[in-house]
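The numbering of the sequence shown is the working numbering, which starts it at 2 and goes up by one. All residues carry an ideal CB built from backbone N, CA and C; glycine is no exception. The next block holds one structure in the form of structure tokens; read it before the comments.
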Amino acid sequence: MIRTIAAGCLLASASFAAWSDTGSQNTQFQITCDGRPTMTVTKARYGLTTLKWPGNHFQVASGHKRSHLDSGTKVSIVLFRNGDQMIVNKSNDDTYFSFDGVGTLVPCSRSPERENQAVQLQRTDASGKLES
């Protein structure tokens with residue numbers, strides 16, 4: 002199965018898009034994959050995805066690729082800035098991870114997705130003064 006997904010991801014046609022399946026809410030879940038401690042994935046509105054794991058490690062991704070395997074199975078591929086990739090089977094939420102873009106997919110267990118409250122940041126003007 003992992004080889005099928007890896008081959009499909011490499012051969013699939015894809016396009017970037019924001020996470021549209023979360024609607025207007027921010028969501029969070031955890032994944033556990035061999036090779037790294039449990040990671041927390043946060044999907045924010047407008048396509049921002051963050052990844053955090055113990056040891057003060059933090060990565061960010063903008064948008065995701067919507068793709069499909071040769072079998073027609075729809076997948077979502079998140080490309081993090083450090084080369085990590087998270088692949089999610091959209092029909093059953095099976096989640097796989099590729100560390101540093103190596104190409105080898107590791108199956109992951111995944112917690113249920115839950116709503117996450119977004120932090121509202123204060124706006125500042127160009128000089129750094131708070132806008133009212």
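Check                                                                                               : Outcome
Cβ-based burial, LEU131 [other Cβ within 10 Å; buried from 16]                                      : exposed
Spatially closest choice to THR51 from THR125, PRO113, ASN117, by CA coordinates                    : ASN117
Distance between beta carbons of GLN31 and THR39, contact taken as under 8 Å                        : 5 Å
LYS66 - containing beta strand (DSSP E), residue span                                               : 65 to 69
contact_flag[the stretch 62 to 79, the stretch 90 to 98] where n(CB pairs < 8 Å) is 3 or more       : yes
Assigned exposure category for PHE98 - 16 Cβ within 10 Å defines buried                             : buried
Close Cβ partners of ARG124 (< 8 Å) along its chain, the five nearest in sequence each way excluded : LEU131, GLU132
Beta-bridge partners of ALA62, as assigned by DSSP                                                  : THR50
Alpha carbon of ASP95 to alpha carbon of ARG82, nearest angstrom                                    : 22 Å
Of the listed residues VAL103, SER68, ASP85, GLY102, nearest to VAL42 (C-alpha basis)               : ASP85
Counterpart residues of VAL89 in DSSP-defined beta bridges                                          : SER77, THR96
Beta-carbon proximity list for PRO113, same chain, < 8 Å, skipping 5 on both sides                  : PHE30
Any C-beta of chain C under 9 Å from that of ASP101                                                 : Judged by its chain identifiers, the structure shown contains no chain C, having just a single protein chain.
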